[in-house]
Structure formats: structure tokens, C-alpha cells
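If you read the protein sequences in the order shown, they are chains A and B.
Throughout the first sequence, residue numbering follows this note's numbering, covering 8 to 165 in sequence.
Throughout the second sequence, residue numbering follows this note's numbering, covering 7 to 149 in sequence.
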Amino acid sequence: MAHELYQLPVEAFYQGTPVPASVEQDTAALSGPGVVLALRARPADWWVDARNAIRDLLTLPSNWDSYGASSVAPDSVGEALGGVEYLSCVAGVTLPTVTATGEGHVGLCWDVGRWSLDASIAPSGLIRYVFLDERDATRNQEGHTRDYSKLAELASSW
Amino acid sequence: MTGGSPEPDDAPASATISSDEVILKRLPTRPHTVKERPGVGLTATSYALGPRPSERFPSYSRQRFTSPAQLLELASAAGQDVSGWSVAAIRVANVRQLGLDVVSRPTDEDPGHCEIVPTEQQLFTDAIWSRLAKQAPVVFTQR
């Protein structure tokens, strides 16, 4: 059974003693350096809703927003399905709002009040993201990655 | 959505649009273009606000000239089924606070048509639309 842990700095598990090199390597592979993500044994219940919402994007015609938005690229949907299934297995990550960008990419939005995370997924798999923390601007980030553990790290913030 | 060039010199003076004005954006029902934000309420998502592939700058309408209902009627007249669509409102002051500007670009169909434009100080970035979305409450929904 998976532990329902939220992300913690890896040092939190080794207070007062050096972090073993093997642990650092493992966690770096799983997420960013110094961050541990707890994985569930199976996807969270919200995965089904997210999957259906992502698939539904394929039915959008071009100009679905009346301002000239593109229809959603099937490859973007395919990339998002794999990525969001992974995110649904990370403890602490909640159901995002699934939307589309004007360019025809899948968009994912989280907002828990203290922080928000917007991410768009291109057909190539490139993820563009913006993380805004209302209380601590030093945590704000804007960038791109192909690594969903980066999104998991941000979307499971506390 | 990074990019966008600052306004050319012959652009209409933005001073003609007061910072007290409100600009509007249509939000379709599919996909989710609105989001419930804790402590804020129902607002637009960031991806509903930026420029589209055919646009240099994203289109909005000035509430002073075009009501939310009229804004949806424009889309309906163009063939869209706007049942359940919403309209988000943004204060021009909030746009300018982020370093962008709003310029009037009236069209035959919409005398209130305007655009959000970048400035010498601030180009379009994804973070800009994320910040603006938090200040874009839904003010009207078509029944």
C-alpha cells in the first residue's frame, strides 16, 4: 500500500545525519534534487475524470473559442494522457482543470489559493509551466521541461 | 505565448482608454475555460486570455461600448452556439499594472473591440497571462 506522503526535502528524512549518496541518486531520478515524491500504488480516483476531459479535447473544432483557437493536436493529447496518469500516481497532486491553449495544446491548471500552476503540453512533449506563489515570490517559476516529475514537485507543493 | 512586439508608433493613443474601464473576453463552455479559485471565485484560465495563432495581439471588448450579452451575441451571429458561454471582465488598470497596455481597435461588428498589447517594458509571457487570469472574474453566463 502506498504511503500518502507529501513531498519533503530529502534532508527531512535524515535530520542531523548526512544523506546517503544512494538516496540522493534515487530521489534525483524520481524528481528534482533534494525532493522526494511519494507514489501511490495506483492512480488517484480523479484520473478517470482527467483522462476523459483530455480525450474530449479531440472533439473541439478549430475556432472553438470564437477568437481563432486551433483544434487540439492529437499528439499533445497523447503526451498529456501519459503525463497526467503519472501525476495522478503522485500523492498530493489533485485534479487539474483540463483545458486547451489557443495553439491547440493541452492545458492543465491548478490553483489552491496560496499557489497556482499552469502547464501546457506541446505535441513534442515539451511542457511549458508557470508556478506562482502568492506568499513567497522567491518560489515563482516559469520555464519548460519534458520531465513530469518537475510538475509533480510543483503540483504537490504545500 | 512569449513574444509580441511593442506597438508601432502610429498606434492609437492608449490614453483614450481610461484605466477605470473594463474589458471583456468570451469564454466557451468546452473545454473548461473557467476555474474556481479559492478566495477569488470563478475566473478565466490563463490559456483563455492570450493571443491566438491568427492574432498579433489578443482581442477584447470594452464594456463601455459592448455589454457582456452583446459580446456573446456577436459570436452567435458568427455561427457559434454560445449556450452556457461566459464572459470574464478585466480592469484596464490591472492590465497596465502588469506592464501591458490596452488600445482601441474598433471594428464594424464591435465598436468596443480592443487589444492587449505589449510595451517596451513588458512583452507577453506565460506568467503575465497566469497573473491576469487571477484578476479576470466571470461576470456573465449565457443561459
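For each residue, glycine too, the CB sits at the ideal point set by N, CA and C.
Legend entry - Rounded C-alpha distance that separates residue 125(B) from residue 59(B): 20 Å
Legend entry - Straight-line gap, residue 110(B) to residue 101(B) (C-alpha atoms, nearest Å): 14 Å
Legend entry - Contact set for residue 46(B): own chain, Cβ-Cβ below 8 Å, skip 5 residues either direction: 140 and 143
Inset, instruction - Keeping to the same chain, check which residues put their C-beta closer than 7 Å to that of residue 81(A); ignore five residues upstream and five downstream. - result: 65
Inset, instruction - Output the boundary residues of the alpha helix (DSSP H) element that contains residue 134(B). - result: 132-139
Inset, instruction - Can you give me the Cβ contacts of residue 124(A) inside the same chain, cut-off strictly under 6 Å, excluding the 5 residues immediately before and after it? - result: 117, 138, 161 and 162
Legend entry - Per-residue burial, residue 144(A) [other beta carbons within 10 Å of its own, 16 or more giving buried]: With fewer than 16 neighbouring CB atoms inside 10 Å of its own CB, residue 144(A) falls in the exposed class.
Legend entry - Listed by chain order, chain B residues near residue 107(A) by CB distance under 8 Å: 37 and 53
Inset, instruction - Give me whichever residues DSSP pairs with residue 71(A) in a beta bridge. - result: Per DSSP, none; premise fails for residue 71(A).
Legend entry - Within-8 Å CB hit, residue 104(A) to chain B: Answer yes: the Cβ-Cβ gap between residue 104(A) and chain B drops below 8 Å somewhere.
Legend entry - Below-8 Å beta-carbon distance, residue 80(A) vs any chain B residue: no
Inset, instruction - Give the residues of chain A in contact with residue 133(B), contact being defined as C-beta atoms less than 8 Å apart. - result: What residue 133(B) touches in chain A: 137, 139, 147 and 149.
Inset, instruction - Could you tell me whether any Cβ in chain A is nearer than 8 Å to the Cβ of residue 81(B)? - result: True, the Cβ-Cβ gap to chain A drops below 8 Å.
Inset, instruction - Determine the contact status of residue 199(A) and residue 77(A), defining contact as a CB-CB distance below 8 Å. - result: There is simply no residue 199(A) to check, as chain A begins at 8 and stops at 165 in what is shown.
Legend entry - Sequence-distant residues of its chain with Cβ nearer than 8 Å to residue 43(B) (five each side left out): If we look at residue 43(B) and ignore the five residues flanking it on each side, its Cβ neighbours are 49 and 140.
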